[in-house]
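Visitor: When we follow the working numbering, the leftmost residue of the sequence shown carries the number 1, and every step to the right adds one.
Dropping the structure in here first, questions after.
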Amino acid sequence: MRTISAHDLPIVLQDGEFELRMREEGDMIVNFVKIPAGADFAEPFAQLEGGRCQCPHYGYVLKGRIYTDSEAGRQTYDAGDVFYWAPGHVPGAIDDSEYVDFAPKAEFLELIDGVRKAMGG
């Protein structure tokens, strides 16, 4: 058993008020994400397959209100909500938000590589 504190994790992506802290745990990734109101990942995800994230995520909204856009439409998630994002989504934030999510390591590392390239890193 182990406890993971967000503040103990390294920041692996940062852009303005957006912050992604990440830790590898076996074949999974644990992410703590801070995302500012109005943030939308359509642009950094444009270079990904189908212009959407192809990695599944399970998570919990700690603060604020976030959303995902997919072929099925827009789904919103409020603080206290547990979520599952199937492959084929684009996330964004309605309010300043924080969430934790868990994703398969191989798929998530591929996603982060694509996002870093899109951000010029």
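Ideal Cβ placement from N, Cα and C applies to all residues, glycine included.
It should be emphasised that the depicted structure is a prediction, and the values quoted were computed from it without experimental measurement.
The alpha helix (DSSP H) that contains residue 116, what's its start and end?
Guide: Sequence index remark: in the sequence shown, residue 116 carries index 116 (1-based). Unbroken alpha helix (DSSP H) run through residue 116: 105-118.
Visitor: Can we say the region 62-79 touches the region 12-27, given the rule of at least three CB pairs closer than 8 Å?
Guide: Flag = no, the region 62-79 and the region 12-27 do not touch.
Visitor: By alpha-carbon positions, which one of 34, 6, 22, 50 ends up nearest to residue 105?
Guide: Residue mapping note: residue 105 aligns to position 105 of the sequence shown, counting from 1. Answer by Cα proximity: 22.
Visitor: Identify every run of the alpha helix (DSSP H) within the region 14-56, keeping only runs that are complete inside it and at least 4 residues long; order them along the chain.
Guide: If we require 4 residues or more, the alpha helix (DSSP H) runs fully inside the region 14-56 come out as 42-45.
Visitor: So what's residue 93 in DSSP terms, helix, strand or just coil?
Guide: For the purposes of this step, residue 93 is taken as residue 93 along the sequence shown, with counting starting at 1. The answer is strand: DSSP assigns residue 93 an E or B state.
Visitor: For residue 61, which beta-bridge partners are listed by DSSP?
Guide: Here residue 61 corresponds to residue number 61 of the sequence shown, with the count starting at 1. DSSP lists 99 as partners of residue 61.
Visitor: Once DSSP output is grouped into helix, strand and coil, what is the label at residue 81?
Guide: Along the sequence shown, one-based indexing puts residue 81 at 81. Three-state result, residue 81: coil.
Visitor: For residue 44, count neighbouring Cβ atoms within 10 angstroms of its own Cβ and tell me buried if that reaches 16, exposed if not.
Guide: Position 44 of the sequence shown, counting from 1, holds the residue named residue 44. With 16 or more other Cβ atoms within 10 Å, it is buried.
Visitor: Considering only their Cβ atoms, is the gap separating residue 52 from residue 90 smaller than 8 Å?
Guide: For the purposes of this step, residue 90 is identified with residue 90 of the sequence shown, where counting begins at 1. For the purposes of this step, residue 52 is identified with residue 52 of the sequence shown, where counting begins at 1. It is a contact, given that the beta carbons lie within the stated cut-off.
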